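Q:
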Amino acid sequence: MGLTVSGAVPEGTEVSSISPNWVTTKLDFLTNWARKNSLWPMPFGTACCAIEFMASAASRFDLSRFGMERMSFSPRQADVLICAGRLPFKLAPVIRRIWDQMPQPKWAISMGACASSGGIFDTYTMVQGIDTIIPVDVYVPGCPPRPEGLMYGITLLQKKIEGETIADPDLRQEHLVGEHGLFLPANRIDEISEPFGNSVHQTRSA
Amino acid sequence: MTASTASLSPSVAALREKFGAAITRHAVSCGDTIVHVSNERAHEALAWLRDEPTQRFDYLTDLTAVEYRDVERALEVVYQLRSIERKADLRVKIELDKTAPLVVDSVVDLWKGADWLEREVYDMFGVRFRGHPDLRRILMWDTYAEGHPLRKDFPLRGHFSRAEQTRQALSANPEAQYSLEELSIAEAYEELPADMRERLRRGERGDVG
Amino acid sequence: MLQPYIPVMLVTAFVIVNAILMLGLSHIFSSYRRTPTKIAPYESGIPVLGHARERFSVKFYLVAMLFIVFDIEAVFMIPWAAAYQQMHQLRGVLFVEMLVFVVILVVGYVYIWKRGALQWD
Amino acid sequence: MSTRTLELDLSTPGVDSEGRPIRVPLGVRAGASEDELGGEHMLVNIGPQHPATHGVLRLVVELDGEVVLRVIPHIGYLHSGFEKLGEYRHYNQIVPLTDRTDYLSPMANNVCLALAVEKLMGLEITERCQVLRVIACEMSRVISHLVWLGTTGIDLGAFTPFLWSFQERERIYDLQEAWTGARLTTSLTRVGGMMADVPEGWTDGLRDYCRTFPKTLTEVDTMFTRNAIWIGRTQGVGVMSAEDAINYSLSGPMLRASGVAYDVRKDCPYLGYETYDFDVPVGEHGDIYDRYRVRLEEMWQSVRILEQALDRLEKLKGAPVNVSDPRVILPPKHRAMSDMEAMIYHFKQVMEGVSTPVGEAYLGVENPKGELGYYFVSDGTAKPVRWRIRPPSFLNLAALPKLCEGVLLSDVIAINASIDIVMGEIDR
Chain A
785 MGLTVSGAVP
795 EGTEVSSISP
805 NWVTTKLDFL
815 TNWARKNSLW
825 PMPFGTACCA
835 IEFMASAASR
845 FDLSRFGMER
855 MSFSPRQADV
865 LICAGRLPFK
875 LAPVIRRIWD
885 QMPQPKWAIS
895 MGACASSGGI
905 FDTYTMVQGI
915 DTIIPVDVYV
925 PGCPPRPEGL
935 MYGITLLQKK
945 IEGETIADPD
955 LRQEHLVGEH
965 GLFLPANRID
975 EISEPFGNSV
985 HQTRSA
Chain B
2 MTASTASLSP
12 SVAALREKFG
22 AAITRHAVSC
32 GDTIVHVSNE
42 RAHEALAWLR
52 DEPTQRFDYL
62 TDLTAVEYRD
72 VERALEVVYQ
82 LRSIERKADL
92 RVKIELDKTA
102 PLVVDSVVDL
112 WKGADWLERE
122 VYDMFGVRFR
132 GHPDLRRILM
142 WDTYAEGHPL
152 RKDFPLRGHF
162 SRAEQTRQAL
172 SANPEAQYSL
182 EELSIAEAYE
192 ELPADMRERL
202 RRGERGDVG
Chain C
125 MLQPYIPVML
135 VTAFVIVNAI
145 LMLGLSHIFS
155 SYRRTPTKIA
165 PYESGIPVLG
175 HARERFSVKF
185 YLVAMLFIVF
195 DIEAVFMIPW
205 AAAYQQMHQL
215 RGVLFVEMLV
225 FVVILVVGYV
235 YIWKRGALQW
245 D
Chain D
13 MSTRTLELDL
23 STPGVDSEGR
33 PIRVPLGVRA
43 GASEDELGGE
53 HMLVNIGPQH
63 PATHGVLRLV
73 VELDGEVVLR
83 VIPHIGYLHS
93 GFEKLGEYRH
103 YNQIVPLTDR
113 TDYLSPMANN
123 VCLALAVEKL
133 MGLEITERCQ
143 VLRVIACEMS
153 RVISHLVWLG
163 TTGIDLGAFT
173 PFLWSFQERE
183 RIYDLQEAWT
193 GARLTTSLTR
203 VGGMMADVPE
213 GWTDGLRDYC
223 RTFPKTLTEV
233 DTMFTRNAIW
243 IGRTQGVGVM
253 SAEDAINYSL
263 SGPMLRASGV
273 AYDVRKDCPY
283 LGYETYDFDV
293 PVGEHGDIYD
303 RYRVRLEEMW
313 QSVRILEQAL
323 DRLEKLKGAP
333 VNVSDPRVIL
343 PPKHRAMSDM
353 EAMIYHFKQV
363 MEGVSTPVGE
373 AYLGVENPKG
383 ELGYYFVSDG
393 TAKPVRWRIR
403 PPSFLNLAAL
413 PKLCEGVLLS
423 DVIAINASID
433 IVMGEIDR
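Chains as they are written, first to last, in the numbering used here: chain A, 785 to 990; chain B, 2 to 210; chain C, 125 to 245; chain D, 13 to 440.
1. Distance check for Met54 of chain D and Leu184 of chain B, CA to CA, integer angstroms please.
2. Terminal residues of the continuous alpha helix (DSSP H) containing His151 of chain C?
3. Just to confirm, are Met10 of chain D and Leu158 of chain D a CB contact at a threshold of 8 angstroms?
4. Thinking C-alpha only, which one of D:Glu296, D:Arg277, D:Ile58 and D:Arg153 is nearest Ser117 of chain D?
5. State yes or no: is the beta carbon of Leu38 of chain D nearer than 8 angstroms to at least one beta carbon in chain C?
6. Rounding to the nearest angstrom, what Cα-Cα distance links Thr167 of chain B and Gly93 of chain D in this structure?
7. Note down, in chain order, each residue of its chain lying with its Cβ closer than 6 angstroms to the Cβ of Cys149 of chain D, except the 5 sequence neighbours on either side.
8. Check whether chain A comes within 8 angstroms of Val68 of chain D, counting only Cβ atoms and requiring the distance to be less than that.
9. Counting beta carbon pairs with one atom in the stretch 115-126 of chain B and one in the stretch 149-167 of chain B, are three or more of them shorter than 8 angstroms?
10. Hey, quick one: how far does the alpha helix (DSSP H) through Thr939 of chain A stretch, first residue to last?
11. So what does DSSP say about Thr110 of chain D, is it helix, strand or coil?
12. List the residues of chain D whose Cβ lies closer than 9 angstroms to the Cβ of Val67 of chain B, in chain order.
13. Identify the continuous alpha helix (DSSP H) that holds Thr172 of chain D and give its terminal residues.
14. Would you verify that the beta carbon of Thr110 of chain D is, or is not, closer than 8 angstroms to some beta carbon of chain A?
15. Run down chain A in chain order and give the residues with a C-beta less than 8 angstroms from the C-beta of Leu171 of chain B.
16. At a CB-CB cut-off below 9 angstroms, which residues of chain B make contact with Phe406 of chain D?
17. Please name the residue, chosen from D:Ile58, D:Val272 and D:Glu286, that lies closest to Ser253 of chain D on a Cα-to-Cα basis.
18. Taking the C-alpha atoms as reference points, what is the distance between Pro171 of chain C and Leu127 of chain D?
19. Do you know offhand how far Val864 of chain A's Cα is from Cys898 of chain A's?
20. Whole angstroms are fine: how far does the CA of Lys113 of chain B sit from the CA of Glu310 of chain D?
21. Report the residues of the stretch 70-84 of chain B with a CB closer than 7 angstroms to any CB of chain D, ordered along the chain.
22. Comparing C-alpha positions only, which one of D:Met151, D:Gly98, D:Thr197 and D:Thr113 sits nearest to Arg219 of chain D?
23. Ser162 of chain B: which of A:Leu934, A:Pro979 and A:Phe813 sits nearest, CA to CA?
24. Do you know offhand how far Leu126 of chain C's Cα is from His151 of chain C's?
25. For Asp196 of chain B, count neighbouring Cβ atoms within 10 angstroms of its own Cβ and tell me buried if that reaches 16, exposed if not.
26. Run through chain B and tell me which residues come within less than 7 angstroms of Ile170 of chain C, C-beta to C-beta.
27. Name the DSSP beta bridge partners of Arg26 of chain B, please?
28. Rounded C-beta distance between Arg819 of chain A and Pro889 of chain A? I'm assuming under 8 angstroms.
29. Keeping to the same chain, check which residues put their C-beta closer than 6 angstroms to that of Phe174 of chain D; ignore five residues upstream and five downstream.
30. By the DSSP assignment, the beta strand (DSSP E) with His86 of chain D in it spans what residues?
31. What residues from the stretch 930-954 of chain A come within 9 angstroms of chain C, judged by C-beta to C-beta, listed N to C?
32. Please determine, among A:Gly829, A:Ser840 and A:Ala839, the residue with the shortest C-alpha to C-alpha distance to Thr65 of chain D.
33. How about Asp439 of chain D and Tyr100 of chain D: are their beta carbons less than 8 angstroms apart?
34. Applying a beta-carbon distance threshold of less than 7 angstroms, which residues of chain A neighbour Ala164 of chain B?
35. Which residues share a DSSP beta bridge with Ile893 of chain A?
36. Along chain G, in chain order, which residues have C-beta atoms closer than 8 angstroms to that of Ile87 of chain D?
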């Protein structure tokens with residue numbers, strides 16, 4: 785799932801072939817209820833956010849209230865990829881390969897400022913936001929986000945899953961890396977990775 | 002900092018008397034003694050410092066390099082030595098002229114801990130270590146083509162645009178993830194695509210040099 | 125005549141229907157998108173080198189065979205134990221039969237032990 | 013290291029004349045003859061995304077059946093360019109960077125940075141600030157060892173100690189949050205002082221912690237120390253002799269478990285550690301079991317130090333925390349608003365940061381992972397020329413290939429867990 789590459793669907797086009805009737809809506813409710821309450825996370829824990837992720841999985845902030853205590857370290861059984869921590873360029877092909885190897889339906893949570901936008905690391909080695917590598921559903925701000933913040937992100941994802949329908953094939957598209965070797969068009973990546981805030985004039989070293 | 006002779010380590014006098022001209026100069030900064038050694042006899046001096054019964058600097062605390070902001074000042078390779086029984090510290094520096102190729106003798110035969118430290122200095126500064134068993138990049142991936150990041154002429158965000166950096170990262174193929182040694186162990190040489198085999202044959206592995 | 129078998133048939137029918145239901149529904153509603161990277165083997169996110177069909181040393185095969193032999197021995201004991209409990213008059217004969225069976229296997233066990241097949245490294 | 017018999021030349025390592033990589037004869041274990049029935053060697057990636065690598069470490073393991081012939085670690089998967097960023101920051105702006113290097117003991121890193129810069133400037137800090145920094149270091153040691161205990165327990169199959177240790181960590185996180193406002197990215201120290209003094213009632217919380225924490229320690233002790241599985245998996249595995257430990261520049265619990273009684277707090281004391289009475293646990297075999305015993309004992313000693321530090325804190329009730337020199341520490345707000353000179357200092361510090369004299373300073377601190385050293389080279393401006401972090405777990409991990417030659421595959425996981433690595437500090 786994730787952002788469709790082609791941007792917003794133009795108005796007036798026929799969105800889904802099967803019009804929602806009594807059967808599909810009941811079926812949607814059933815599958816979404818099942819999927820929402822048993823999201824098996826693939827904890828792609830790289831840095832400090834991974835420690836907060838472990839803290840939220842431990843007994844005080846217990847993730848198993850959301851049915852998420854079963855950590856699946858192999859992408860084959862994973863439903864939601866939680867990128868907890870900063871992502872250097874050396875790790876970009878790894879997360880891309882793991883995301884491709886996860887079966888549909890799959891979602892992605894970008895936990896922490898470094899995963900969502902490169903955070904304080906506007907350097908030669910840091911991906912400025914993992915949405916330039918994989919499609920992301922929920923961004924959790926914070927450095928590191930408190931366990932409550934992560935859980936709020938998870939409940940947002942669950943609301944998003946509630947709104948999905950089986951009839952729409954567009955939701956379950958695989959957004960692969962294009963033939964020119966990029967996930968998003970080049971100008972889009974440069975626009976996303978543009979330094980902002982005080983990162984703009986930080987290059988004065990003396 | 003005044004070069005107060007009180008905190009000057011006795012090793013400096015012993016070094017001067019043993020190596021004479023090879024010890025270019027010494028100084029004291031914030032209580033630590035610094036000795037500058039010439040590049041040719043550096044390995045010999047370090048071996049002497051380690052094996053000499055009166056010195057016994059058997060613990061290599063750190064090995065790094067420093068490049069100053071003004072261009073004509075030399076790039077320094079810094080050895081931080083410590084003797085565990087004598088609880089004494091000493092900082093040995095080798096100055097390298099930036100215009101000439103940066104090559105230093107490796108000290109992996111003296112201290113095994115220097116293996117990864119030297120690989121990191123090579124990766125970050127481009128200083129080659131003669132005699133190092135496996136001098137490869139350690140922090141960046143092997144086919145990293147942007148140069149050596151910690152040099153002062155290397156921009157903070159890297160040379161290429163973010164899109165180009167992402168494309169290079171995403172198109173990393175097995176040759177960037179595995180070292181030559183592992184490729185040969187897995188006998189996977191035939192499976193690599195032809196252009197990669199060609200690059201391997203020429204030995205050009207993203208080494209800007 | 126088939127009367128005693130009805131419960132067994134009921135259970136098998138339920139099992140078959142259940143399996144078909146689960147597999148069928150999950151196949152219909154699943155959205156499997158086959159891509160080259162997805163079917164590639166997963167090795168912690170790194171492209172795999174070489175192939176998994178390496179030659180293994182023979183001791184792994186040996187241990188597997190020994191396990192099968194002694195596991196089947198235990199499997200045969202279970203029905204024997206059930207029968208032994210219900211048959212009151214033939215207990216002596218049943219016991220001797222199983223004793224012979226076990227002794228033959230113990231001889232085999234001692235043989236492989238002395239030959240050192242159980243020595244691992 | 014890989015016992016390589018072929019001397020590879022520098023320019024094109026490992027490629028012979030017509031271009032095929034040189035088939036490197038393998039460092040097969042001494043005595044194991046290459047019998048013809050032996051299998052080919054398999055290359056397995058215990059890769060960046062793996063539950064047992066404690067972060068994004070990648071181990072390429074060369075296997076002969078189940079026996080490991082060689083482990084080739086690949087790091088750099090979390091390289092974030094800290095040292096490059098440090099050259100573009102004032103000294104007080106580097107403090108937030110330090111707690112993101114070793115994010116398991118953030119306060120200890122902040123203290124190490126402050127001490128290194130104060131050594132560079134030749135600054136004397138106040139007595140109360142020293143005691144507060146000792147408290148910060150020892151609290152970091154406890155939470156770092158607790159994470160190690162929990163994750164090593166999971167690696168070797170015991171899940172409950174993970175929940176016990178994280179329960180205790182949450183209690184220290186509450187104390188850290190009350191003091192600095194953040195659970196993990198504390199940014200506690202400033203050059204010449206601390207960001208804030210401890211709030212009211214905080215010391216009672218810590219005293220209560222020191223009283224009840226040993227109960228969990230004894231539970232973990234009874235769970236692990238005489239546990240047959242734990243002993244079977246850890247005793248005699250990954251042995252490191254004392255000379256090798258020194259030669260490989262190991263530090264911290266890794267070095268002390270091999271029998272070298274070297275602790276920076278005792279050998280080159282800082283922050284007044286020589287006035288506290290605590291003893292340094294030293295193992296004798298250098299295997300995983302000794303590293304476990306050393307770390308467990310260190311937690312007991314940390315609690316002892318914390319109690320002594322709390323008593324001193326009581327005696328220094330009203331003492332100032334920050335240095336009184338306005339050029340270094342922001343003057344208190346009421347003075348900055350009223351007195352002209354304080355306002356100028358306030359403005360200069362915020363705009364240009366604290367400038368340090370020309371020179372360089374290296375300071376080693378006993379971090380939970382080992383000896384963490386900060387090496388600052390300054391050319392008189394407010395931004396360092398070079399900020400070198402001497403990462404203890406980087407050098408401890410460099411000994412992994414030597415420890416893992418000839419062991420079983422499952423022992424590689426146990427040895428890797430016993431080294432207690434944190435990737436943020438290794439890759440910097």
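Backbone N, C-alpha and C define an ideal beta-carbon position, used for all residues, glycine too.
Computed from a predicted structure; not experimentally measured.
A: The relevant details are as follows:
1. As a first step, residue 184 of chain B must be located in the second sequence, where it is residue number 183. As a first step, residue 54 of chain D must be located in the fourth sequence, where it is residue number 42. Cα to Cα, Leu184 of chain B sits roughly 12 angstroms from Met54 of chain D.
2. For this step, residue 151 of chain C is matched to residue 27 along the third sequence. Element bounds for His151 of chain C: Ile130 to Phe153.
3. Residue 10 of chain D is absent from the structure shown; chain D starts at 13 and stops at 440.
4. Taking the fourth sequence and counting its residues from 1, one reaches residue 117 of chain D at position 105. The option with the nearest alpha carbon to Ser117 of chain D is D:Arg153.
5. For the purposes of this step, residue 38 of chain D is taken as residue 26 along the fourth sequence, with counting starting at 1. For Leu38 of chain D, the pLDDT reaches just 45, beneath the cut-off of 50, and the residue's location in the model is therefore unreliable, although a value from the coordinates is still provided. False, the Cβ-Cβ gap to chain C never drops below 8 angstroms.
6. The residue given as residue 167 of chain B occupies position 166 in the second sequence. The residue given as residue 93 of chain D occupies position 81 in the fourth sequence. The alpha-carbon atoms of Thr167 of chain B and Gly93 of chain D are separated by roughly 17 angstroms.
7. Numbered from 1 along the fourth sequence, position 137 holds the residue referred to as residue 149 of chain D. Around Cys149 of chain D: Ala120 and Val123.
8. For the purposes of this step, residue 68 of chain D is taken as residue 56 along the fourth sequence, with counting starting at 1. Yes, its Cβ sits closer than 8 angstroms to a Cβ of chain A.
9. yes
10. Position 155 of the first sequence, counted from the start, is the residue given in the question as residue 939 of chain A. DSSP places Thr939 of chain A inside the alpha helix (DSSP H), whose first and last residues are Pro931 to Glu946.
11. Against the fourth sequence, residue 110 of chain D aligns to sequence position 98. Here Thr110 of chain D sits in helix by DSSP.
12. Within the second sequence, the letter at position 66 stands for residue 67 of chain B. Here the neighbours are Glu372, Tyr387, Val389, Val397, Arg398 and Arg400.
13. Translated into the one-based positions of the fourth sequence, residue 172 of chain D becomes position 160. Thr172 to Thr192 is the span of the alpha helix (DSSP H), which, as asked, contains Thr172 of chain D.
14. Residue 110 of chain D sits at position 98 when you count from the first residue of the fourth sequence. So no, Thr110 of chain D is outside the interface.
15. Translated into the one-based positions of the second sequence, residue 171 of chain B becomes position 170. Chain A residues near Leu171 of chain B: Ala876, Pro877, Arg880, Ile917, Val961, Gly965, Leu966 and Phe967.
16. Taking the fourth sequence and counting its residues from 1, the one referred to as residue 406 of chain D is at position 394. The contacting residues are Trp117, Leu118 and Glu121.
17. Residue numbering aside, residue 253 of chain D sits at position 241 when the fourth sequence is read from its first letter. Checking every option, the nearest Cα to that of Ser253 of chain D belongs to D:Val272.
18. Along the third sequence, one-based indexing puts residue 171 of chain C at 47. Along the fourth sequence, one-based indexing puts residue 127 of chain D at 115. C-alpha separation (whole angstroms): 45 angstroms.
19. As a working mapping, residue 864 of chain A is identified with position 80 in the first sequence. As a working mapping, residue 898 of chain A is identified with position 114 in the first sequence. Rounded to the nearest angstrom, the two C-alpha atoms are 19 angstroms apart.
20. The residue you call residue 310 of chain D lines up with position 298 of the fourth sequence. The residue you call residue 113 of chain B lines up with position 112 of the second sequence. Straight-line Cα distance between these residues: approximately 27 angstroms.
21. Taking 7 angstroms as the upper bound on Cβ-Cβ separation, chain D lies near residues Arg70 and Gln81 of the stretch 70-84 of chain B.
22. Taking the first residue of the fourth sequence as 1, we reach residue 219 of chain D at position 207. The candidate whose alpha carbon is nearest that of Arg219 of chain D is D:Met151.
23. Sequence index remark: in the second sequence, residue 162 of chain B carries index 161 (1-based). Minimum Cα distance to Ser162 of chain B is reached at A:Pro979.
24. In the third sequence, residue 126 of chain C corresponds to position 2, counting from 1. In the third sequence, residue 151 of chain C corresponds to position 27, counting from 1. In a straight line, the C-alpha of Leu126 of chain C is about 36 angstroms away from that of His151 of chain C.
25. Start at 1 with the first residue of the second sequence, and residue 196 of chain B comes out as number 195. Asp196 of chain B is exposed by the Cβ-count criterion.
26. Here residue 170 of chain C refers to the residue found at position 46 when the third sequence is read from its first residue. Within chain B, the residues near Ile170 of chain C are Gln178.
27. For the purposes of this step, residue 26 of chain B is identified with residue 25 of the second sequence, where counting begins at 1. BP columns for Arg26 of chain B point to B:His37.
28. As a working note, residue 819 of chain A is residue 35 in the first sequence. As a working note, residue 889 of chain A is residue 105 in the first sequence. Yes, they are in contact, since the Cβ atoms of Arg819 of chain A and Pro889 of chain A sit about 6 angstroms apart, within 8 angstroms.
29. Position 162 of the fourth sequence, counting from 1, holds the residue named residue 174 of chain D. Excluding the 5 residues flanking it on each side, Phe174 of chain D has same chain C-beta neighbours closer than 6 angstroms at Gly162, Gly165 and Ile166, in chain order.
30. Sequence index remark: in the fourth sequence, residue 86 of chain D carries index 74 (1-based). Start and end: Val79 to His86.
31. Ile950 and Pro953
32. Indexing the fourth sequence from 1 puts residue 65 of chain D at position 53. Cα-wise, what sits closest to Thr65 of chain D is A:Gly829.
33. Numbered from its first residue, the fourth sequence carries residue 439 of chain D at position 427. Numbered from its first residue, the fourth sequence carries residue 100 of chain D at position 88. Not closer than 8 angstroms, so no.
34. Taking the second sequence and counting its residues from 1, one reaches residue 164 of chain B at position 163. Here the neighbours are Leu966, Ala970, Ile973 and Asp974.
35. For the purposes of this step, residue 893 of chain A is taken as the residue at position 109 of the first sequence. DSSP lists A:Ile866 and A:Val922 as partners of Ile893 of chain A.
36. Looking at the structure shown, chain G is missing, and the protein chains on hand are A, B, C and D.
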